[in-house]
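A quick write-up on the structure given underneath.
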Amino acid sequence: MKLGCCYYPEHWPEDIWVDDARRMKDIGLSQVRIGEFAWSRIEPEPGRYDWAWLDRAIDTLDNVGLEIILGTPTATPPKWLVDSMPDMIAIDADGNPRNFGSRRHYCFSHLNYRKECERIVTALAERYGNHPAIVAWQTDNEYGCHDTIVSYSESAKLAFRKWLAEKYADVGALNIAWGNIFWSMEYRNFAEIDPPNLTVTEPNPSHVLDYRRFASDEVVSFNKLQVDILRARSPGRDMIHNYMGFFTEFNHHKVGQDLDVASWDSYPLGFLEQFWFSDEEKLRYARQGHPDIAAFHHDLYRGCCTGGRWSVMEQQPGPVNWARYNPAPLDGIVRLWTLEAMAHGAELVSYFRWRQAPFAQEQMHAGLLRPDNEEAQGAVEARQVAREIALLETANNGQKSVAIIFAYEAAWLFETQPQGQSFRYIELVFEMYSALRQLGLNVDIVSHEADLSGYKMIVAPSLPILSSAFVDKIKALAVPILFGPRTGSKTADFQIPAELPPGALQDVLPLKIKRVQSLRPGLTEKGDDHDVSRWIEDVETDLVPSETLVDERGILFGKNGVNYLAAWPSQKLLRRIFMKMASDADVGICELPRDLRLRSLGDLQFAFNHGIEALSLSDLNLASAATEFLIGEENLPSAGVAVWRRQIESQNRA
Amino acid sequence: MKLGCCYYPEHWPEDIWVDDARRMKDIGLSQVRIGEFAWSRIEPEPGRYDWAWLDRAIDTLDNVGLEIILGTPTATPPKWLVDSMPDMIAIDADGNPRNFGSRRHYCFSHLNYRKECERIVTALAERYGNHPAIVAWQTDNEYGCHDTIVSYSESAKLAFRKWLAEKYADVGALNIAWGNIFWSMEYRNFAEIDPPNLTVTEPNPSHVLDYRRFASDEVVSFNKLQVDILRARSPGRDMIHNYMGFFTEFNHHKVGQDLDVASWDSYPLGFLEQFWFSDEEKLRYARQGHPDIAAFHHDLYRGCCTGGRWSVMEQQPGPVNWARYNPAPLDGIVRLWTLEAMAHGAELVSYFRWRQAPFAQEQMHAGLLRPDNEEAQGAVEARQVAREIALLETANNGQKSVAIIFAYEAAWLFETQPQGQSFRYIELVFEMYSALRQLGLNVDIVSHEADLSGYKMIVAPSLPILSSAFVDKIKALAVPILFGPRTGSKTADFQIPAELPPGALQDVLPLKIKRVQSLRPGLTEKGDDHDVSRWIEDVETDLVPSETLVDERGILFGKNGVNYLAAWPSQKLLRRIFMKMASDADVGICELPRDLRLRSLGDLQFAFNHGIEALSLSDLNLASAATEFLIGEENLPSAGVAVWRRQIESQNRA
Amino acid sequence: MKLGCCYYPEHWPEDIWVDDARRMKDIGLSQVRIGEFAWSRIEPEPGRYDWAWLDRAIDTLDNVGLEIILGTPTATPPKWLVDSMPDMIAIDADGNPRNFGSRRHYCFSHLNYRKECERIVTALAERYGNHPAIVAWQTDNEYGCHDTIVSYSESAKLAFRKWLAEKYADVGALNIAWGNIFWSMEYRNFAEIDPPNLTVTEPNPSHVLDYRRFASDEVVSFNKLQVDILRARSPGRDMIHNYMGFFTEFNHHKVGQDLDVASWDSYPLGFLEQFWFSDEEKLRYARQGHPDIAAFHHDLYRGCCTGGRWSVMEQQPGPVNWARYNPAPLDGIVRLWTLEAMAHGAELVSYFRWRQAPFAQEQMHAGLLRPDNEEAQGAVEARQVAREIALLETANNGQKSVAIIFAYEAAWLFETQPQGQSFRYIELVFEMYSALRQLGLNVDIVSHEADLSGYKMIVAPSLPILSSAFVDKIKALAVPILFGPRTGSKTADFQIPAELPPGALQDVLPLKIKRVQSLRPGLTEKGDDHDVSRWIEDVETDLVPSETLVDERGILFGKNGVNYLAAWPSQKLLRRIFMKMASDADVGICELPRDLRLRSLGDLQFAFNHGIEALSLSDLNLASAATEFLIGEENLPSAGVAVWRRQIESQNRA
Ligand SMILES: [Zn+2]
Ligand SMILES: [Zn+2]
Ligand SMILES: [Zn+2]
């Protein structure tokens with residue numbers, strides 16, 4: 001695994017570039033991402049390119065042997081460009097423009113902006129496509145950041161109509177698919193259809209789901225436009241985009257089909273603060289992030305690129321500027337995050353950013369260096385971990401163990417009709433992921449279109465749109481599989497299946513969901529040693545349940561290894577279910593304390609202590625006096641990492 | 001009382017209509033509401049009517065003897081109509097359009113949309129007005145649903161100016177009535193006046209109140225337009241509209257003057273979740289609804305139609321889709337709700353809807369049938385209650401007992417100037433209603449214009465605009481009467497009366513409110529065994545108070561049976577006040593446990609257990625070994641109902 | 001000190017004016033503010049002035065010897081004026097108009113509205129400028145009330161570009177100052193620059209800060225326009241504006257340079273309810289206001305006018321109408337507030353308003369008189385305090401003791417980039433003020449440009465933009481000085497200083513802030529007997545800290561009397577720090593109970609009991625049997641005030 005950083009030569013006086021490059025090497029970095037926000041310097045006036053400075057910057061980095069990932073600058077079109085076609089900006093749900101003055105001020109559907117992107121990307125690719133220092137390209141930057149996937153512009157409206165016409169051909173088919181008869185919402189032609197916005201009450205959910213599919217497809221084609229240009233002019237370089245955390249607004253699996261490497265931007269502290277975690281978790285992990293946040297995304301994005309190659313393009317190196325509260329990371333945790341990425345198979349961990357900028361929006365975002373050019377804590381840890389990584393042989397990602405099936409459309413669907421406010425798809429997936437990880441298991445998070453053969457256990461937290469083809473695929477697998485609540489609850493058109501949920505799953509599991517209930521906080525259904533909250537389903541079946549509530553209602557049903565969970569589960573229930581599945585699958589598990597996580601990669605075994613207290617690996621029977629540690633030792637301090645070589649006989653241990 | 005359902009033949013393949021009709025009869029339903037959202041099928045292209053399908057649907061229902069309530073489809077104008085005059089949609093308070101894509105996408109003040117409504121209603125009335133199966137018409141659907149009463153469109157602005165010119169004739173009179181001198185808000189002519197919207201800080205409250213009166217009057221005239229057309233072309237049929245729960249945006253008393261039957265849509269679980277109830281109540285009654293929610297509306301809407309005729313047009317039969325959380329009703333509670341409506345004098349309980357639709361916005365709203373055509377729990381209970389109703393002779397609503405006076409303008413006024421955030425009119429009324437009902441009393445909720453003679457007790461939770469005529473009316477009554485806080489606090493122009501509150505009431509009760517105070521949560525004034533919260537008034541009077549705080553300040557004052565309560569009361573205080581009033585009025589009361597409610601209708605006595613625990617009617621001295629039950633028995637299980645015949649000597653028991 | 005009231009003759013029938021004037025005198029008032037909302041009466045039609053009524057009103061007041069403060073009516077332009085140039089209204093952050101219908105419906109940058117203001121102010125000044133009864137003018141009313149400083153109108157955009165061109169001359173300088181290279185935000189000319197509004201994510205903080213400076217400057221010039229006209233035509237009269245509470249949207253120090261008297265509008269109960277105080281404080285002080293609210297503003301605004309002259313232009317006399325909850329003031333507290341203003345050096349306390357208006361927006365705002373013309377509690381207390389004031393010789397404000405340095409730009413800066421949601425500048429200043437006041441100290445709150453010589457202690461709660469000139473100034477002072485967190489953290493361009501925070505302060509205090517952390521509620525750092533919350537900084541220094549956390553990290557560092565506090569402090573920590581500073585400065589302190597406050601003025605010593613319980617001044621060693629009280633006595637009841645003459649030897653007691 002390589003280390004790198006994000007660098008903005010245009011932000012600094014040219015006379016310190018050489019020193020910057022030298023210091024990067026000295027710390028142990030080998031790759032640098034540059035250029036992705038520099039349009040106004042590359043093309044300061046319409047049509048007038050200034051390559052000189054960028055030539056020099058690239059050469060400066062190249063001269064010390066740094067490899068370069070060059071970003072296309074399409075996330076920050078300059079003011080003169082926006083002023084030349086003011087309707088290129090996106091329109092928000094209230095009908096307001098999303099103006100110039102920060103970044104991502106464009107609508108994916110604006111055809112002339114796409115032309116401008118073609119032009120600038122072509123120019124960049126032609127200038128640097130064959131430069132030996134350029135090893136990869138990053139397209140744009142963080143698609144969707146600041147809620148920029150869905151736009152209600154005129155361009156988007158016209159593109160949506162075209163998308164619908166292509167999908168449905170006949171507007172009558174659309175009327176039926178959406179159930180437009182419901183409230184006289186029938187259309188006579190595609191030109192009558194508007195985006196599902198500012199309606200009196202909620203718009204038709206089928207309308208919304210198609211709009212989100214459309215918006216996601218716009219991202220896919222926008223990205224492909226750039227990739228096609230770059231591949232043609234820069235052969236042999238990796239195509240990369242940097243995804244974000246807990247972000248499901250577009251289909252990353254689809255975008256990933258056009259990439260060589262899926263990268264993501266890892267800010268564990270910011271994500272903990274900004275997302276659904278409880279106050280208790282936000283305090284406990286304020287300086288580490290929840291132990292599963294980074295790993296979840298590593299495992300998710302590894303599955304979002306056809307070849308399974310992935311990186312961390314931006315790694316939090318200190319306090320950030322954008323969360324409600326921004327504490328400093330625990331000393332040592334930047335190192336831990338770096339080794340953790342390695343344990344999950346990353347090719348690169350690139351710190352964001354080289355030096356903290358003293359100006360503009362992100363001036364309070366830490367870098368490896370402080371604004372006064374001294375090393376910040378991030379640099380200290382990067383230097384240490386660079387040495388440690390060198391001790392570890394690169395290994396491939398190892399054998400398949402547990403697969404979680406993730407579907408972006410599920411997120412869109414449940415956001416469109418949650419039915420209960422607390423039913424959040426990404427949280428349900430995360431809960432199941434976390435339960436598996438607390439059993440010490442290696443997890444792959446994959447698309448429902450992925451090859452599932454070879455996995456020993458499969459978990460689909462919820463798969464609301466369930467095709468017969470998918471059911472046929474799982475029929476061929478002889479491993480334990482769990483489907484979570486609301487699986488098979490909708491057709492692809494966002495309708496309830498004629499045979500009721502779980503739809504096509506009934507082919508292998510004879511049960512029907514006859515009624516569902518969402519439960520407000522505090523309203524729970526009692527199990528023996530756990531509570532069901534948020535969601536419960538009434539099941540009609542002759543199957544004997546394998547988990548019941550105290551009132552005898554079944555909440556888990558299985559047949560031939562295929563299981564259906566008819567409730568929102570607690571961690572306690574999940575642990576029991578997964579332990580049973582692992583036992584059936586003959587997968588070794590290890591019940592871990594709350595703050596400890598394991599990961600194996602090839603024959604390397606990693607252990608990470610995300611807690612404040614030290615842990616003893618021997619006490620947990622994870623290590624013994626005989627264990628030879630490559631990194632760390634059996635006593636794992638706060639933020640500590642240990643790595644040792646796994647034994648052959650424990651092959652089955654995840 | 002009849003049972004019915006809401007049915008949408010246009011949603012289903014025609015080949016199942018016959019079976020649907022047969023099954024409705026089989027369950028015990030006799031009325032069906034249809035048509036209210038079907039405009040796009042009745043008139044698929046401008047001016048081209050398609051009656052054939054509706055003819056067949058009506059005949060299919062008629063053939064098995066079902067009676068039909070036909071809805072006018074004006075809540076869902078088709079897209080082609082909206083596109084032909086895009087300014088017919090309402091404009092929200094932010095100036096945004098309220099677009100096509102769901103329902104109720106029209107502004108009541110748009111004159112050309114009114115013409116279109118005239119046209120479609122006339123066409124419907126001419127086609128079906130004399131069809132023997134048509135027994136009633138429903139105008140539009142749920143006026144005001146999704147916050148659609150007040151619009152800030154150009155049409156509304158022009159209509160408002162006209163309304164003002166008619167009301168005030170002279171703009172000088174308006175300037176005085178509103179007190180426009182206050183901040184140089186004086187107008188020189190009516191054409192200078194805009195809706196009270198997007199002002200820098202709060203607009204003049206008189207301006208707001210007149211705008212809400214105007215908006216309400218627009219509903220009245222919109223409804224009357226349809227009623228007049230229908231009455232002329234469909235003689236002998238009942239005119240109905242379906243009101244909503246806890247909804248006060250327009251004056252239902254005024255709309256009701258043009259109707260034969262006031263109906264309403266009863267969703268006890270959704271209302272509990274969405275309104276002001278405490279978390280404790282929301283958990284305790286999650287699957288039953290608060291015991292007074294349905295009854296409150298039954299008693300309210302009975303008073304919203306001149307003849308006192310009323311129905312439940314939509315009865316929740318299972319989980320709904322639109323609350324934040326949507327649990328399933330307790331088994332048996334749909335039956336309880338149905339018998340409860342009967343006990344309060346309903347003519348019809350119509351379940352919404354026949355079959356759960358698998359598509360569009362309400363696909364998660366339960367019906368009597370599941371989407372797969374099997375019977376849901378609602379159908380099971382409807383079938384049972386249909387048999388039970390047949391056992392009970394219809395009786396009239398019985399003698400007058402307690403009247404609550406309800407004023408829609410009071411709701412508008414306190415929303416415009418709450419003076420303390422927690423002063424909510426509808427909640428105050430509900431609190432008083434609930435206290436009366438927990439004493440076992442029958443309650444009528446009536447307009448201040450209603451005939452009050454014959455009532456044994458009268459309660460006006462608050463009547464801020466109090467005319468001398470009304471005071472004269474109560475002078476003639478020799479029964480205990482309670483006026484709540486802020487009664488008489490404003491003139492009809494939204495000014496403080498010259499003689500101070502309670503204004504004209506001082507004619508019968510010599511006291512003045514010299515100062516009022518709103519209290520933040522936690523700030524209370526101590527009574528002996530109760531707390532005053534939210535609101536307290538400083539009273540200037542020589543009267544000896546009948547309730548005082550521990551510091552001797554009076555909060556209840558009375559003279560000749562007329563009482564004024566100068567505080568927001570707790571349930572404890574209300575119970576004491578009402579017991580005293582009942583004793584003075586010689587009205588029998590019964591202190592009920594929290595979950596039990598009684599209602600008498602003619603000589604039938606009903607008891608309803610809204611709780612989870614069983615209750616014994618004997619233990620409560622409500623029944624004895626000798627009681628002959630028509631329904632149920634002395635042990636009342638959870639969701640249980642008992643009905644027995646009242647004794648003559650207990651006439652005074654409510 | 002004089003007493004006065006705000007009076008609106010135009011609201012009342014002319015035949016009661018004489019009686020009103022007589023009663024004002026009778027109560028003890030000597031000044032009356034009139035006219036500030038009367039534009040529609042002064043100029044009922046464009047260009048047609050009606051002076052007659054105002055002539056008579058002024059003469060009526062003059063006839064009984066009342067002095068008049070005449071307001072310019074520019075806060076309430078009439079409808080005809082707005083209709084003549086509809087673009088004169090402000091545009092809010094969502095792009096919506098801020099319409100006519102209440103007040104302050106204008107944009108400060110609209111040039112033609114400025115012309116209209118010139119016209120009406122000139123007309124008023126020419127008519128009344130030399131009237132002997134007119135002793136002062138109030139410009140406009142409460143600049144900024146209802147969030148009216150910042151506007152996004154076309155006028156504002158053009159004026160902003162002009163302001164920028166004047167400030168930067170060259171757009172390249174602006175690009176560098178703002179760091180526009182960051183996200184390709186560079187401009188090619190000033191005409192490309194828009195207000196920082198509706199951007200996709202946060203705009204450049206330098207852009208925002210300049211927009212706020214611009215908006216503030218617009219207020220300054222708007223005010224100066226009026227002052228210049230008035231001074232020329234009404235020589236010898238005081239120029240006054242009435243500021244608001246906890247309001248920092250414009251630079252009051254700058255506006256104050258054009259005024260003779262800074263006045264403010266004091267509503268302690270409303271401010272307590274509406275601002276950040278804890279629930280415990282909101283309940284404890286519901287009827288008094290927090291003990292430091294009024295005093296804080298007295299001391300703040302005394303420093304906002306070059307000569308130190310100040311008044312209370314509007315004094316809450318009873319319940320108000322505009323807070324979420326509006327309880328009544330404790331009996332006696334209006335008197336206390338009045339004497340408290342005197343103790344802090346006010347020239348006038350003017351009650352708002354004479355008589356409660358029965359109409360329009362503020363009809364629930366108490367006056368000295370009730371709407372029925374009887375005296376309300378406010379009048380009772382005003383009459384009493386008028387007599388008491390007469391007993392006390394006027395004295396000057398006394399010697400300098402403690403100075404707090406207040407910077408409006410600091411408020412704008414921290415609002416633009418809080419970095420942690422709970423870092424609120426005004427709250428930090430208030431906390432420090434309150435800690436000082438609980439030690440019995442007299443405090444002046446002054447601009448960083450003020451003359452600091454003569455103060456015995458100086459506290460800068462935070463001074464993020466710290467010039468070398470200011471550091472030079474403090475070098476010359478030999479008194480203890482405390483700088484709070486984030487001092488020196490930014491340049492004037494909103495960049496991090498090259499030498500890191502605290503920037504230029506390093507010149508006298510050798511430390512660097514190498515990292516900052518914001519802490520979510522509940523995340524604290526432990527000190528020995530206190531907790532650090534919200535904010536903590538990591539300090540690089542060789543200095544030995546004078547306060548440390550339990551883990552030894554320093555949070556307070558000092559050298560030669562200059563101290564830097566690297567954390568958000570608790571009251572406990574502040575008390576300890578200030579006691580040490582006071583001891584070093586040889587300033588006498590007195591640890592007061594929570595509800596008691598002291599203030600000295602010349603040789604008068606005041607004590608105020610803001611609590612519900614009585615306090616004994618002897619028990620606190622503040623008085624003895626020998627003390628001769630001018631007002632009150634040694635036992636201070638709830639809302640009680642005592643005044644006595646200070647001894648010469650206790651000169652050093654604040
Ligand atoms: Zn990023
Ligand atoms: Zn409905
Ligand atoms: Zn004011």
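Residue numbers (the UniProt record's numbering), protein chains in the order written: chain A, 1 to 654; chain B, 1 to 654; chain C, 1 to 654. C-beta: ideal position from N, C-alpha, C; glycine also.
- Item | Segments of 4+ residues assigned as alpha helix (DSSP H) that fall wholly inside the segment 126–210 of chain C | The alpha helix (DSSP H) runs of length 4 or more contained entirely in the segment 126–210 of chain C are, from start to end of the chain, 154–168, 171–178.
- Query: If you measure from the beta carbon of P327 of chain A to each beta carbon in chain C, is any gap under 9 angstroms?
  - Reply: Taking the first residue of the first sequence as position 1, residue 327 of chain A is located at position 327. Yes, P327 of chain A counts as interfacial toward chain C.
- Task: Output, in sequence order along the chain, the residues in the segment 30–45 of chain B whose CB is closer than 8 angstroms to any CB in chain F.
- Result: The structure shown contains no chain F; its protein chains are A, B and C.
- Message: Can you tell me whether V641 of chain C is buried or exposed? The criterion is at least 16 other CB atoms within 10 Å of its CB, across all chains shown.
- Response: Sequence index remark: in the third sequence, residue 641 of chain C carries index 641 (1-based). Around the C-beta of V641 of chain C, 16 or more other C-beta atoms lie within 10 Å, and the residue is accordingly described as buried.
- Message: Let me see if you follow: with CB-CB separation under 9 angstroms, is Q517 of chain C close to chain A or not?
- Response: For the purposes of this step, residue 517 of chain C is taken as residue 517 along the third sequence, with counting starting at 1. Judged by the 9 angstroms Cβ criterion, Q517 of chain C is in contact with chain A.
- Leaving out five residues before and five after V227 of chain A in sequence, what residues of the same chain have Cβ atoms less than 6 angstroms from its Cβ? Locating residue 227 of chain A in the first sequence gives position 227, counting from the first residue. Answer for V227 of chain A: M239, D258, listed in chain order.
- What's the gap between the Cα of E649 of chain A and the Cα of V562 of chain A? On the first sequence, residue 649 of chain A is found 649 positions in, with the first residue counted as 1. On the first sequence, residue 562 of chain A is found 562 positions in, with the first residue counted as 1. Since pLDDT at E649 of chain A reaches only 47, below the 50 mark, its modelled position is unreliable, and no value is offered.
- Is the distance from the Cβ of G245 of chain B to the Cβ of I293 of chain B below 9 angstroms? Here the question's residue 245 of chain B lines up with position 245 in the second sequence. Here the question's residue 293 of chain B lines up with position 293 in the second sequence. By the CB criterion at 9 angstroms, G245 of chain B and I293 of chain B fall inside the cutoff.
- Query: Taking three-plus beta-carbon pairs below 8 angstroms as touching, is the segment 605–622 of chain B in contact with the segment 30–43 of chain C?
  - Reply: Here the segment 605–622 of chain B makes no contact with the segment 30–43 of chain C; the two share fewer than three CB pairs at distances below 8 angstroms.
- Task: Check each candidate in B:P327, B:W17, B:I389, B:E340 and name the one with the smallest Cα separation from H365 of chain B.
- Result: Residue numbering aside, residue 365 of chain B sits at position 365 when the second sequence is read from its first letter. Out of B:P327, B:W17, B:I389, B:E340, B:P327 has the C-alpha closest to the C-alpha of H365 of chain B.
- Grab the span of the alpha helix (DSSP H) containing G378 of chain A for me, first residue to last. Position 378 of the first sequence, counted from the first residue, corresponds to residue 378 of chain A. G378 of chain A -> alpha helix (DSSP H) spans 377–391.
- K475 of chain B, enclosing beta strand (DSSP E) - first and last residue: Working through the second sequence from its first residue, we reach residue 475 of chain B at position 475. It is not in any beta strand (DSSP E) - K475 of chain B instead sits in the alpha helix (DSSP H) that spans 468–475.
- Item | Beta-bridge partners of Q605 of chain C, as assigned by DSSP | The count along the third sequence starts at 1 and reaches residue 605 of chain C at position 605. According to DSSP, Q605 of chain C bridges with C:S600, C:W644.
- Message: With H, G and I counted as helix, E and B as strand and the rest as coil, what does DSSP make of R653 of chain A?
- Response: Residue mapping note: residue 653 of chain A aligns to position 653 of the first sequence, counting from 1. At R653 of chain A the pLDDT is 41, less than 50, meaning the model places this residue with poor confidence; the figure from the coordinates comes in the next sentence. Strand.
- Can you name the start and end residues of the beta strand (DSSP E) that S546 of chain A belongs to? Counted from its first residue, the first sequence places residue 546 of chain A at position 546. Following the DSSP letters along the chain, one finds S546 of chain A in no beta strand (DSSP E), marked with neither H nor E.
- Using the beta-carbon of each residue, which ones in chain A are nearer than 7 angstroms to K514 of chain C? Position 514 of the third sequence, counting from 1, holds the residue named residue 514 of chain C. Simply R370.
- Message: Among the candidates A:P521, A:D331, A:A57, A:E43, whose CA atom is the shortest distance from the CA of Y273 of chain B?
- Response: Reading the second sequence from its first residue, position 273 is the one you call residue 273 of chain B. Here the sequence assigns Glu to residue 273 of chain B, which means Tyr is not the residue at that position. That would be A:P521, whose Cα lies nearest to the Cα of E273 of chain B.
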